[in-house]
Amino acid sequence: MNINLSPYKLVSLVTVIIVVCLFTSLGSAQTTSSYTLDLSSYISIGVRDIAADSQGNFYVTGGGDVTSLPITYTFKNSGTPESVIAGPSDVLVAKFNSFGQLLWSTRIGGPSHDRAYAVEVDNQGYVYLAGRAAANFPVTNGSLQTSFQGGFSSAYGNQDGFILKLQPNGSGIVWATYFGTSDIHIVRDIALDSGGNVYLAAGYESGNYPSPLPSSFVNTPRGGQDTIIAKINSTGSALLWARYVGGSGNEAGTPSVRTDSLGNPHLLSDTDSTGIATTGAYDTTYNGGGDYLISKLNPSTGAIVWSTYLGGSGNESIETHEFAGIDNAGNVYVTGPTSSTTNFPTTNGAYDTTYNGGGNDTFISKISFNGSTLLASTLLGGNQNDRPEGTAVDSAGNVYLTGVTASPNFPVTSGAFQSTIRNSSSGDAVVVKLSPDLSQLLYGSYIGGTNQDNGRGLAIDSNGNIFGGGQTSSTDFPILNTSQGSSTDGGVIYKFKIAGTSSSPTPTPTNDIIFPTVSITSLFSGLTVLGTMTINITATDNIGVTRTEFYVDGALKGTDSTWPYTLTWDTTNAGTHPCNGTHTHALTAKAYDNAGNIGTSPVITVNMNNPSYCTSPSPTPTPTPTPTPTDYTAPYISSVTVTNITPFVASVNWITNEPADGQIAFCTTYLIDCANSTPLVSQLTTQHTVNLSGLNPNTYYYMWIKSKDAAGNLRIYYRSFRTAF
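Per the numbering used here, the very first residue in the sequence shown carries number 173; after that it's consecutive.
So, in structure tokens, the structure goes:
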């Protein structure tokens, strides 16, 4: 997700948040504030990104094979699905008001695997998504690229990147385009300018230009794996310019892009290339391992204005939403993980200038508007592995981040929502807030259950309320709204509000005349009902639903004012009937919004035959056996570290959220199906260590970490590292 300090969106990525108060860090008194958990729920979206608009609404995106999430609109093409390891998935996006009421949700996809990685909202409420898509994705006529090229992924099948624009109420696709070749199969991030033009960031592996308008690229590939940044016009029909960013080595396949208040694009990547920083930049020398590469570009031409390295002798490797943002002065904030034990650059007076151990520490750095000065830089972490996954900057310059830690001594503040870790094996999510000069830890808290949790998306509104989301396998994640989903859904959303304030609902327009859309989703016409039935009602509205009502033959049977709208109907209340067959009843639902508009659902006609309310006994129906659930979910890989690196050997460590085997394929070129593989470790476990041997000195290796669970579901995780000299 993209961070600029426009009124409609202030942040990117996460999963949690916190409360705070009074904390002393490195000998200086801290001023803290308190937050309370206002809402939290499981959700059947594998959350990747979150955005907030100026009205206090928040938008959640990712992917999944929908189960419990009520879907308002569906744009899904048919076709023959690919058989892929990751299984079928669609792009999912949902809009909630500040109370957590679902306003609408949209499902987009084809027959195979599709997923969103980024969401943006413009100042008119249009919603932009980007990610990966398979063949038969619903692209629109006249868009930049309508033909599917199909870069291959062993986990996801044939994939292209995509970008699309949705109507403000989620009811229609304004435009949608592929952006891909055999070497580009995912758009990782997007940013907007005031004219509705879209900047995208993607990884490029080798070989082929994207098929739309190769002449629009202002340079040629530099070698190895490059990062791509491109600008698409506001109608999605033209590529205004595109360029490769990198050198003779390798750059990240998971870059991030942000725009400042003047619309200038900035790109964050990582690199092992030498000689690509610009003259006068803060750091013009490659430091070893993998360094961050931060670049500012000309919005009209794509020319690089400045580029600087940032890093130490270890590895600094980007995950997409670690670009925190740009403040009103044009200063740039980035975060990430570092394994540099002694020489990551920190500044005097920073909150923490000492590496804490355990693999990776989190770092947060602030660079001047012209790229020439490191204004502030700090480390943050405990004695185990720490990593940010979502970051943001507010209008005052405070920095927010969330992610995952396995450190039992990760710094938390007094009065934190959760002051102790609940899972030091696979990790809890964390949320922190630091002062603009990075000298003070203003907030710090864990949030999680006894299994694996991580924060992936974070957004803040103009009042400082925080909306978060991520992924969890914990059945005891701290949930307030237990009726909104199941612990098996895999995703979580939550909102933390500033203590002592009320939730700020979307302002009610005085001239609103749009009626709510409402339907009964748990029953269908022709169904025979008996005994007690659960009634699920889906209702959405542009300004929010205040309540729903359920009617049988015009008689009110129940009311629910909290999403998801669920009632229990005792069908015997419909009256007695003779035992001479079934009898029909008409069911309807109504929904009310803040402006007094009333929507009525289509009529559902059901059949009824209640044995206790007829004159002769009827046989008791045979209960339908509950099917045994089948496990189709691959294990989740996290906390990947490379340790004991020498010129010839290295150890790779990772965690899975369920017992699984382990194996690594590794190459010196970017090939998913490497010939070199370690022996399979067939013992099923959650803690994995695999030793690599026979390596060459000072060589960059690409790894595909593989873990398969007892049901045969396989997860593949990409990582790279360089051996010692």
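Note that the Cβ used here is the ideal one computed from N, Cα and C, for glycine as well.
Own chain, CB closer than 6 Å to residue i, minus 5 neighbours either side, in chain order
{"i": "T513", "result": "Y527"}
{"i": "Q556", "result": "G530, A578, S579"}
{"i": "Y289", "result": "R220, G303, R360"}
{"i": "S216", "result": "G236, V238, T239, S240, L241, D661"}
{"i": "G395", "result": "S420"}
{"i": "W478", "result": "T450, A453, K468, G543"}
{"i": "T480", "result": "A449, A453, Y454, D455, I466, G543"}
{"i": "T777", "result": "S697, T756, A758"}
{"i": "T492", "result": "R360, D361, T426, S428"}
Integer Cβ distance of residue i from residue j, believed to fall under 8 Å
{"i": "P437", "j": "G375", "result": "No, P437 and G375 are not in contact; Cβ-Cβ is about 17 Å, not under 8 Å."}
{"i": "G218", "j": "Q643", "result": "6 Å"}
{"i": "A568", "j": "L610", "result": "That belief does not hold up - the Cβ atoms of A568 and L610 are roughly 13 Å apart, past 8 Å."}
{"i": "A832", "j": "L852", "result": "A832 to L852, Cβ: 11 Å. No contact."}
{"i": "G281", "j": "F309", "result": "7 Å"}
{"i": "N769", "j": "I686", "result": "6 Å"}
{"i": "S441", "j": "T399", "result": "4 Å"}
Burial state of residue i, where buried means 16 or more other Cβ atoms lie within 10 Å
{"i": "N500", "result": "exposed"}
{"i": "P819", "result": "exposed"}
{"i": "G344", "result": "exposed"}
{"i": "P688", "result": "buried"}
{"i": "G418", "result": "buried"}
{"i": "A224", "result": "buried"}
{"i": "Q296", "result": "exposed"}
{"i": "N714", "result": "buried"}
{"i": "N829", "result": "buried"}
{"i": "G452", "result": "exposed"}
{"i": "T787", "result": "Confidence at T787 is low in this model, with a pLDDT of 49, below 50, so the placement of that residue is unreliable and no value is reported for it."}
{"i": "V775", "result": "exposed"}
{"i": "S270", "result": "buried"}
{"i": "A806", "result": "buried"}
{"i": "L211", "result": "buried"}
Opposing strand residues paired with residue i [DSSP bridges]
{"i": "V219", "result": "G234"}
{"i": "H860", "result": "W826"}
{"i": "L546", "result": "I539"}
{"i": "I400", "result": "A374, Y416"}
{"i": "A501", "result": "Partner(s): none; A501 has no beta bridge."}
{"i": "H438", "result": "R430, K468"}
{"i": "C839", "result": "Y874"}
{"i": "Y666", "result": "S212, G640"}
{"i": "K337", "result": "Y300, W347"}
{"i": "G282", "result": "Beta-bridge pairing links G282 to no other residue."}
{"i": "I809", "result": "T828"}
{"i": "V584", "result": "Looking at the DSSP assignment, V584 forms no beta bridge with any residue, so it has no partner."}
{"i": "R894", "result": "Y872"}
{"i": "E488", "result": "T510"}
{"i": "V821", "result": "Bridge partners of V821: none, in fact."}
{"i": "G627", "result": "G642"}
{"i": "S277", "result": "A266"}
{"i": "L728", "result": "Y723"}
Residue nearest to residue i in terms of C-alpha spacing, selected from the options
{"i": "F639", "options": "L573, Q859, A588", "result": "L573"}
{"i": "L630", "options": "I651, V565, S659", "result": "V565"}
{"i": "L232", "options": "N341, G368, L264", "result": "Inspection of the sequence shows that residue 232 is occupied by Val rather than by Leu. The shortest Cα separation from V232 among N341, G368, L264 belongs to L264."}
{"i": "T756", "options": "E721, L702, L739", "result": "L702"}
{"i": "A601", "options": "N308, N532, L209, G620", "result": "G620"}
{"i": "V571", "options": "G587, T545, F535, N581", "result": "F535"}
{"i": "T392", "options": "D633, W413, G282", "result": "W413"}
{"i": "I243", "options": "V690, A822, R719", "result": "V690"}
{"i": "K403", "options": "G425, A424, E423, T431", "result": "T431"}
{"i": "Y207", "options": "A882, I632, T895", "result": "I632"}
{"i": "G616", "options": "T815, G575, T720, T585", "result": "T585"}
{"i": "T712", "options": "D725, A763, A727, S213", "result": "A763"}
Interface flag, residue i vs chain D, CB-CB below 8 Å
{"i": "Q612", "result": "No chain D is present in this structure, which holds just one protein chain."}
Residue i CB to nearest heavy atom of the ligand ADP below 7 Å
{"i": "Y371", "result": "Although the ligand ADP was asked about, the structure shown includes no ligands whatsoever."}
Cβ-based neighbour list, residue i, same chain, cut-off 8 Å, excluding 5 preceding and 5 following
{"i": "W826", "result": "I809, S810, S811, V812, T813, G834, H860, I877, S879, Y889"}
{"i": "L338", "result": "V265, T278, Y298, V299, Y300, L301, G344, I345, V346"}
{"i": "P681", "result": "At P681, the pLDDT of 45 sits below 50, so the modelled position is not reliable; the number obtained from the coordinates is stated separately. So the list reads I715, A767, once near-sequence residues are dropped."}
{"i": "T740", "result": "T704, M705, T706, I707, G730"}
{"i": "N369", "result": "K403, I404, N405, S406, L412"}
{"i": "T858", "result": "S597, S598, I827, T828, N829, E830, P831, A832"}
{"i": "V390", "result": "W413, A414, R415, T473, G474, A475"}
7 Å CB neighbourhood of residue i in its chain, flanking five on each side removed
{"i": "N503", "result": "K538, I539, S540, F541, L547"}
{"i": "P608", "result": "A568, G569, N570"}
{"i": "N532", "result": "P509, T510, S511, N557, D558, R559, T813"}
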